[in-house]
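These notes concern the structure reproduced below.
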Amino acid sequence: MRVLVVEDERTLAAAVARGLGTEGFAVDVAHDGVDGLHRAEHEDYDAVVLDIMLPGLSGYEVLRRLRAGKVWAPVLVLTAKDGEYDIADALDLGADDYLTKPFSFVVLVARLRALLRRGAPERPTRLRTGDLVLDPAARRVFRGETEVKLTAREFSVLEYLMRRLDEVVSKTDLLTHVWDEHFDGDPNIVEVYVGYLRRKLDAPFGRRSIETVRGSGYRLHASGG
0 MRVLVVEDER TLAAAVARGL GTEGFAVDVA HDGVDGLHRA EHEDYDAVVL DIMLPGLSGY
60 EVLRRLRAGK VWAPVLVLTA KDGEYDIADA LDLGADDYLT KPFSFVVLVA RLRALLRRGA
120 PERPTRLRTG DLVLDPAARR VFRGETEVKL TAREFSVLEY LMRRLDEVVS KTDLLTHVWD
180 EHFDGDPNIV EVYVGYLRRK LDAPFGRRSI ETVRGSGYRL HASGG
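Reading the sequence shown from the start, the letters are residues 0 to 224 in numbering that gives the first Met the number 0.
In structure tokens form, the structure reads like this:
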């Protein structure tokens, strides 16, 4: 299995490459984002180990460009120990897994093998149904060419529905996943936010994409309405 390691700390990169080599991996190394992106775009890798803090191009930008270019090789991101926002952003951009520094080499190998077993199915970083597009990383929503401004909560409700296209989603599901499982306010708040989405995403464009399923919840149609 061929792996690309993109890491600017040369001692660490050499140690990882040497260790992976002893585990039977064929390893290439890049020390900056520009070289890493070029290699990942033009070579056939089974997986990429990608540091976030890189010279030239950040790991975020490398990852964004890879996924935008439909390069779906599994990517394991390396990040700072306290970088929880780093992790969230990387996963939103299409990373498959992450490790925080300093990390265990044994765990790195195990994570890589798990990614390789899963393979590299297409994982678009934008959610799309019809002409409705949601970009989790940029936190932007478009209906056709028109950007629709949503509040953080409206965005979360829409994202949850889009990740479950054509499925009936109950109020309880939305309250648990968009608010939290201990929410003790009025459950009709869900209806309020669905109404907001309809007024912003459907009514101005002559659509009816969010269906109320009486007694069950809501369904976002895959056609986008």
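Backbone N, C-alpha and C define an ideal beta-carbon position, used for all residues, glycine too.
None of these values were measured; they are calculated from a predicted model.
- Excluding residues up to 5 positions away in sequence, Leu133, Arg138 and Val140 lie with their Cβ nearer than 8 Å to the Cβ of Phe154 in the same chain.
- In the three-state scheme derived from DSSP, where H, G and I count as helix and E and B as strand, Arg117 is classed as helix.
- Between the C-alpha atoms of Gly143 and Asp130 there is a straight-line separation of about 5 Å.
- Listed as beta-bridge partners of Ile209 by DSSP are Leu219.
- Restricting attention to Glu60, Asp7, Leu65 and Arg125, the CA atom closest to the CA of Tyr44 is found in Leu65.
- Annotation for Phe141: the continuous beta strand (DSSP E) segment containing it runs Arg139 to Arg142.
- Considering only Val2, Arg1 and Ala16, the residue with the shortest C-alpha distance to Glu8 is Ala16.
- Taking Val167 as reference, the option from Arg213, Phe204, Asp183 and Val191 with the minimal CA-CA separation is Arg213.
- For a cut-off of 8 Å, the C-beta gap from Leu3 to Gly35 is around 7 Å, short enough to register as a contact.
- Secondary structure note for Thr150: it is in no beta strand (DSSP E), with a DSSP letter that is neither H nor E.
- Non-local beta-carbon contacts of Pro73 in its own chain, meaning distances under 6 Å to residues more than five positions away in sequence, involve Ala46, Asp95, Leu114 and Ala119 in chain order.
- Arg127: member of the beta strand (DSSP E) spanning Leu126 to Thr128, first to last residue.
- Looking at the DSSP output, Arg1 bridges to Ala25.
- In the DSSP assignment, no residue is bridged to Ala72.
- Glu6 places its beta carbon less than 8 Å from that of Leu77.
- Setting aside the 5 residues that flank it on each side, Val28 is surrounded in the same chain by Val4, Ala12 and Ala16, each with a C-beta closer than 6 Å to its C-beta; the list follows chain order.
- For Asp91, the enclosing alpha helix (DSSP H) starts and ends at Glu83 to Leu92.
- Shown here for Leu149: same chain residues with a beta carbon closer than 6 Å to its own, the five before and five after excluded, namely Val140 in chain order.
- Met161 is positioned such that its CB atom lies no closer than 8 Å to that of Thr211.
- Beyond the five residues adjoining it in sequence on each side, Leu75 comes within less than 8 Å, by CB distance, of Ala46, Val47, Val48, Leu49, Ala94, Asp95, Asp96, Tyr97, Leu98, Leu107, Arg110, Leu111 and Leu114 in the same chain, given in chain order.
- Taking the Cα of Val177 as reference, the smallest distance to any Cα among Val193, Leu164 and Phe204 is reached at Val193.
- Just so you know, the alpha carbons of Arg125 and Glu158 end up roughly 10 Å apart.
- Under the three-state reduction of DSSP, Tyr192 is assigned to helix.
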